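Undergrad:
Residue numbers (our numbering): 405 to 535.
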């Protein structure tokens, strides 16, 4: 599996996450006919490899955003569950070993009045060791 698939699989292992969004996880944008609530993910940056002790590493910044018409408390609890699933996660993907996932903080916490939708976004740094 590619990196994004491994991380989404990890997120969807949490019962409370699945209870809220089911399998509504989309890359970059929500489909036009998509339903809320949903989780959207995207790569923000992918820094070139650097060498440490003969191993090559990539540093990737990813953002996970919740769009939800439920309450703010429910939305924040959801994002805490995402954090608990990803923070310090390590594993393997097609691109190499995921050495660790680090929480980089919430970057958006807003309410879109016209659609009555909460938008919460959280960034994570992924350190990937290349094969």
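Glycine included, each C-beta is placed from N, C-alpha and C at the ideal position.
All figures in this text were calculated on a predicted structure; none of them were measured in a lab.
In its own chain, which residues sit with a C-beta less than 7 angstroms from the C-beta of residue 495, not counting the 5 before and 5 after it?
TA: Hits under 7 angstroms: 410, 502.
Undergrad: Taking residue 525 as part of the beta strand (DSSP E), name the residues at either end of that continuous run.
TA: From DSSP, the beta strand (DSSP E) with residue 525 extends over 521-534.
Undergrad: On the criterion of 16 or more Cβ atoms from any shown chain inside 10 Å, does residue 525 qualify as buried, or is it exposed?
TA: By the neighbour-count rule (16 or more Cβ atoms within 10 Å), residue 525 is buried.
Undergrad: Quick check on this structure: which residue in 499, 522, 487 has the alpha carbon closest to the alpha carbon of residue 479?
TA: Closest option to residue 479, Cα to Cα, is 522.
Undergrad: When the Cα of residue 440 is compared with those of 534, 490, 472, 405, which residue comes out closest?
TA: The candidate whose alpha carbon is nearest that of residue 440 is 472.
Undergrad: Suppose contacts are defined by Cβ-Cβ distances below 8 angstroms. Is residue 481 in contact with residue 527 by that definition?
TA: In this structure, residue 527 does not lie closer than 8 angstroms to residue 481 by Cβ.
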